[in-house]
Structure formats: C-alpha cells, structure tokens
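Residue numbers (our numbering), protein chains in the order written: chain W, 1 to 275; chain S, 1001 to 1275.
Report on the following structure.
2 protein chains.
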Amino acid sequence: MNRSIQDIPIAMVGAGNLATHVARALYNRGFRIVQVYSRTTEAAATLAAEVEADYTTRIADITTQAQLYIVALTDTALTQLLPDLVQGRTHGLWVHTAGSIAASIWQGQTERYGVLYPMQTFSKQSAVDFTTIPVFIESSTEADTELLFSIARCLSGQVYRASSEQRKILHLAAVFTCNFTNHLYTLAHQLLSENQLPFEAMLPLIDETARKIHLLPPAQAQTGPAIRHDYDVINNHLSLLDIHPQMQTIYRIMTESIQRKENERLRGGMEELRE
Amino acid sequence: MNRSIQDIPIAMVGAGNLATHVARALYNRGFRIVQVYSRTTEAAATLAAEVEADYTTRIADITTQAQLYIVALTDTALTQLLPDLVQGRTHGLWVHTAGSIAASIWQGQTERYGVLYPMQTFSKQSAVDFTTIPVFIESSTEADTELLFSIARCLSGQVYRASSEQRKILHLAAVFTCNFTNHLYTLAHQLLSENQLPFEAMLPLIDETARKIHLLPPAQAQTGPAIRHDYDVINNHLSLLDIHPQMQTIYRIMTESIQRKENERLRGGMEELRE
Chain W
1 MNRSIQDIPI AMVGAGNLAT HVARALYNRG FRIVQVYSRT TEAAATLAAE
51 VEADYTTRIA DITTQAQLYI VALTDTALTQ LLPDLVQGRT HGLWVHTAGS
101 IAASIWQGQT ERYGVLYPMQ TFSKQSAVDF TTIPVFIESS TEADTELLFS
151 IARCLSGQVY RASSEQRKIL HLAAVFTCNF TNHLYTLAHQ LLSENQLPFE
201 AMLPLIDETA RKIHLLPPAQ AQTGPAIRHD YDVINNHLSL LDIHPQMQTI
251 YRIMTESIQR KENERLRGGM EELRE
Chain S
1001 MNRSIQDIPI AMVGAGNLAT HVARALYNRG FRIVQVYSRT TEAAATLAAE
1051 VEADYTTRIA DITTQAQLYI VALTDTALTQ LLPDLVQGRT HGLWVHTAGS
1101 IAASIWQGQT ERYGVLYPMQ TFSKQSAVDF TTIPVFIESS TEADTELLFS
1151 IARCLSGQVY RASSEQRKIL HLAAVFTCNF TNHLYTLAHQ LLSENQLPFE
1201 AMLPLIDETA RKIHLLPPAQ AQTGPAIRHD YDVINNHLSL LDIHPQMQTI
1251 YRIMTESIQR KENERLRGGM EELRE
C-alpha cells in the first residue's frame, strides 16, 4: 500500500507537449515520476531532468516498477506501440491522454486501463495553469476510476467522468473552438498584414469574444453582418476576398451556417436540419 | 470656441447597441450629449435618460445646435436617411461608426465629415471597458481629424487613423475573428448538448486560445489534427459529423485551409496560392 496517493510510482511514456505539461503538473503537486520514455534522447533527458526522473529511449527498458503508466504519444504511435508497452507490465494501470481514442484500445492487452484526457491546447512555449484545465477520466474498473479521479483532482479543479463516445465529441468540439478559431485568427492576421494593419488591433475584440461567452450562450452572443442579413456588407466582404478564393469559401459557408442556425433558433428547434 | 473638448455639444443619431456604448462612454468621460435620435420612442428615451440628454423620434427635429453628430444606424438606414439628416445641419461635423462604409458616403452632402469606428462586439447585455477598444478615425479635413482624434483619445487608449479601404479590411478581419469564432462556439455548444456535455467545460480552452494569441503569432499557435495531418482523427471526426452535413463541410474546409496555410508558411511564402 502507498501511504499517500503521491507515492504511487508513475512512468511517463512520451515527452512531447502534452506529456511535458502533465509531467510538470504531477511533479509540482508532489507526485513521483520514476521514469520518462521517449524515442529521442533529447526529449527524454530534458523532461526527465525537469521532473527528477530517470529516462530511457528503449521500450524494452521501460520500468516494471511503476504503478501508473501515462501514455502521451501521437495516436498513431500509441496504436503501433501498445502491445510492446504493456508486455511484462500488466500489473500497472495504463492510461492514455488522447481525446479521440477509445479506452477499448487497451482491451485484450491488459486488465487495468483507462484514459486521462486534459482538454487544453498545449504549446511548449506557453505555460498553462493546469488547475483550470478540465480533465476527463474513464477506466476499466470502478477502483481505478476512483484512483484516477483522485489523482486528477490533485491537478485540476475540474475533473469529469466521460465515456469514450463523449470524449470523442469533446475532442471534436475542441477542434471547433480552439483549432479552427485559431485558424480564423491566422486568416485575419494575413488580411491585416497585407494591408499594413497591426494584428494587435484585433486583440481586444478577440478577448471580448471569449469573455462574452462566459456570460451569454453563444447563439445569443452572435453579432455581425451574417446574423443581421446585411447583404451590402456581406457582398462587399466577398468582393474583397476575390483574391483569396479559399477565404471567400470560408466566409460564404460560415455566413450561411450562422443564418441557418439563427433560423433554427427562432423556430425554437435545436436539431440541425438534414440537408 | 469651446473651453474644453468636453463642451462640444454632441447629438447621437441612433440608440442601438453601438450608439448606447458610445454615448455611455462619452457621458462617463464628461462629454455633453444634447440629444438622442431614434426611430422608436422607447430606445430614444431610454438612452437619453441614461446620458441626461433630450430625445426625438423625428428627423426633422434633430437639433441644429450640435457641433458633432455621431451616427450609429444600420448601414442601410444610414444610406437612406443621410440627406435628410444633414439638411440644415451642415455646420456640424458628421461622423458615422460603421466599419464597412467609406467616409466618401458623406461627399456632396456636407463638407465636414468623417468616421469614428470602435472595433468591438457590442451586446446590450454585456458591459465593455471602452478604454481598451481600438478606435479608427478618418475625416475630410486635417482639423477635424485632430478633433476626432482628441475626442477618441478621451474614450480609448488605442486610437488609430485608418483610410476607408483599411477600415473595410479591419471590419472583414473582425468578422473572421469575432463573428465566425463565436459561431464555432455555437456549433460546439450544439455538439456538446446533443451528447449531455456541459459547454462550460470548453471555457478554459476558449480562454487559453485567446490568451495564447497575445504571446505567439497565430500561425505558430496552431495545434490540432489538421496541422499534424492526423487523418485517423480527422476521418473519425468527419464520420461523427455525418449527421450534420453543414458542420462536416466547415470541418473539411477549415482543415484544408489550415494545411494549406501551413504549407505556405513552411515554404516561407506569405501570399495565398491562387486556386
């Protein structure tokens, strides 16, 4: 028995953005990371040094002494390496950290498994406050679900249980709210720099758009020419985008989608129309 | 002569979201709003009471005593009403507040004209800190440009001169970063609620996405399956969206655009490819 939850020996499999942020958060909360595995020496050694762990670049040398194995590899690497990872280490609890991979990927390979999915956009250059990150957990047994819950609660104030199906939807929603949103910023950056305008001028608008969504449901917070059906502005914008056909397509489709959603909302329905 | 800039009598033409926020900001900075015009009595009276002004619902009764007339109407109303507004009041400086309407709309109607465009998303329900809002100004004479600049500087820490062409681009960029971003939140909200998941779980991710853009150029902040060319995840997401064809189209086009932009970036080019 471990005297406290922090005494559980943890192995970190992976040393990328996500692995780094999770390992740091665990380390800062007093957890004991015994080993870091990465394919490359540099990544393994860097993260290991930071969290006072050993490291290895060989799967065969991954420790058998850990009780919790946290796997933060690319989805493809996870799928390929999984049998080699668990072999000889099926005593431990194995969890992956991927939004879109079902917990059942572990089935038939090992008995104790699960998922610990922190939903956030991690860049190595940008520190994050892990305590505010929602973490979604799932496990093969109730005891391990509770164990994961307790560990996750040490890291974050927002821990939820979520099924693999729900987690897929969460990941999909995150792609819309984070990845696609960031790409809209990229397109705006391009338009502005082509016209000698500073991207910084957009920051207050970006901040307010994010802030407002804490106060109003997004459908109610919608503003702009699309929802006003202001075709003078819309057609003007489409003309400005004649030189950027892909942005023009995005503009057109987003405008249509805003108007369609508003029509549904006004009719009181929440289901999307089938086309 | 006015003793101070705050003594200039101002008429507010319009009482919608934008008019309300501009009038409030002026009033709170000690400016004197002499009259509010709105088509509807309720809107006119409400805003007038708040800023201690008179009000009218008749264009013929708009005061001739103002020196600055700020017009915050819909683009269509502005275009239609413009001749009646300025008639008999061409002594004053007339400015509109619309991102996408050129200053030249006033040409031939009156001599002293311009634009005061605060770039923000205004909802009546949500208070904003006007001091952080970028304001873009333009005027027909250098003297009036300086006057507008001084007035705008009383309201906001970020005042820029921008030509009508630049302002159109700013407005277009704002549609991408604010209106389209908010619509992505709406789509995520729908996906989550269909799967019994709380939209609140997205807020830390939304906040971090906005925060990160203060630190990194958007192209460098990009994360997610599109930029990783992770087709397992992408195809999985597209399947989940089979029941939502319009979201599926948005997912596909945004993914392509992210990949195209990244290819351009890696080639070191900034121009968008012609299709």
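All residues carry an ideal CB built from backbone N, CA and C; glycine is no exception.
- Task: Kindly indicate which three-state DSSP category residue 1096 of chain S falls into: helix, strand or coil?
- Result: strand
- Please look up how many angstroms separate the CB atoms of residue 63 of chain W and residue 114 of chain W, rounded, as I've assumed it's under 8 Å. Their Cβ separation, rounded to whole angstroms, is 19 Å, which puts residue 63 of chain W and residue 114 of chain W out of contact at 8 Å.
- Determine whether the Cβ of residue 1242 of chain S lies closer than 8 Å to any Cβ atom of chain W. no
- Identify every run of the alpha helix (DSSP H) within the region 30 to 73 of chain W, keeping only runs that are complete inside it and at least 4 residues long; order them along the chain. 41 to 50
- The alpha helix (DSSP H) spanning residue 254 of chain W covers which residue range? 245 to 266
- Message: Short of 9 Å Cβ to Cβ, which residues in the region 1132 to 1151 of chain S face chain W?
- Response: 1132, 1133, 1134 and 1136
- Using the Cα positions of residue 1205 of chain S and residue 1094 of chain S, report the straight-line distance between them to the nearest angstrom. 43 Å
- Message: Do residue 136 of chain W and residue 167 of chain W count as a contact pair if the criterion is CB distance below 8 Å?
- Response: yes
- Does DSSP put residue 122 of chain W in a helix, a strand or coil? coil
- Item | Candidates S/1091, S/1097 and S/1198: closest to residue 1012 of chain S by CA position | S/1097
- Message: So for residue 128 of chain W, helix, strand or coil by DSSP?
- Response: coil
- Message: In the DSSP output, what is residue 12 of chain W paired with across the bridge?
- Response: W/36 and W/70
- Message: Looking at the secondary structure, which residues open and close the beta strand (DSSP E) in which residue 1137 of chain S lies?
- Response: 1135 to 1139
- Message: Looking at chain W, is there any beta carbon in it that lies within less than 8 Å of the beta carbon of residue 1083 of chain S?
- Response: no
- Message: So for residue 1228 of chain S, helix, strand or coil by DSSP?
- Response: coil
- Query: Using 8 Å as the limit for Cβ to Cβ distance, is residue 1208 of chain S near chain W?
  - Reply: yes
- Per DSSP, the bridge partner or partners of residue 159 of chain W: W/135
- Message: I'd like the span of the alpha helix (DSSP H) that includes residue 1201 of chain S, first residue to last.
- Response: Per DSSP, residue 1201 of chain S belongs to no alpha helix (DSSP H) and is neither H nor E.
- Message: Could you tell me the alpha carbon to alpha carbon distance between residue 331 of chain W and residue 223 of chain W, rounded to whole angstroms?
- Response: Residue 331 of chain W lies beyond the residue range present for chain W, which begins at 1 and ends at 275; the question has no answer from this structure.
- Message: Considering only DSSP beta bridges, list what residue 117 of chain W is partnered with.
- Response: W/136
- Query: Under 8 Å Cβ-Cβ, which residues of chain W neighbour residue 1277 of chain S?
  - Reply: Here chain S has residues from 1001 to 1275 only, and residue 1277 of chain S is not among them.
- Closest by C-alpha distance to residue 66 of chain W, when choosing among W/32, W/73 and W/256: W/32
- Task: Taking residue 340 of chain W as the reference, give the member of W/42, W/43, W/41 and W/23 with the closest Cα.
- Result: An answer regarding residue 340 of chain W cannot be provided, because it is not within the stretch 1 to 275 covered by chain W.
- Query: Going along chain W in order, which residues have a C-beta closer than 7 Å to the C-beta of residue 989 of chain S?
  - Reply: Summary: the structure shown does not reach residue 989 of chain S, with chain S confined to residues 1001 through 1275, and so no result is reported for it.
- Message: One question on the structure: do residue 1101 of chain S and residue 1075 of chain S come within less than 8 Å of each other, judged by their Cβ atoms?
- Response: yes
- Query: Which residues in the same chain have their Cβ closer than 7 Å to the Cβ of residue 221 of chain W, if we skip the five residues on either side of it in sequence?
  - Reply: 212 and 213
- Would you please verify whether the beta carbon of residue 176 of chain W is less than 8 Å from any beta carbon of chain S? yes
- 4-residue-minimum alpha helix (DSSP H) runs that sit fully inside the region 1166 to 1195 of chain S, ordered along the chain: 1181 to 1194
- Quick check: the region 74 to 89 of chain W against the region 40 to 49 of chain W, are there 3 or more CB pairs under 8 Å? no
- Query: Just to confirm, are residue 226 of chain W and residue 258 of chain W a CB contact at a threshold of 8 Å?
  - Reply: yes
- With a threshold of 16 other CB atoms inside 10 Å of the CB of residue 161 of chain W, please say whether the residue is buried or exposed. exposed
- Task: Give the secondary structure of residue 223 of chain W by DSSP, where H, G and I count as helix, E and B as strand, and everything else as coil.
- Result: coil
- Should residue 41 of chain W be labelled buried (16 or more other beta-carbon atoms within 10 Å of its own) or exposed? exposed
- Span of the alpha helix (DSSP H) holding residue 24 of chain W? 17 to 28
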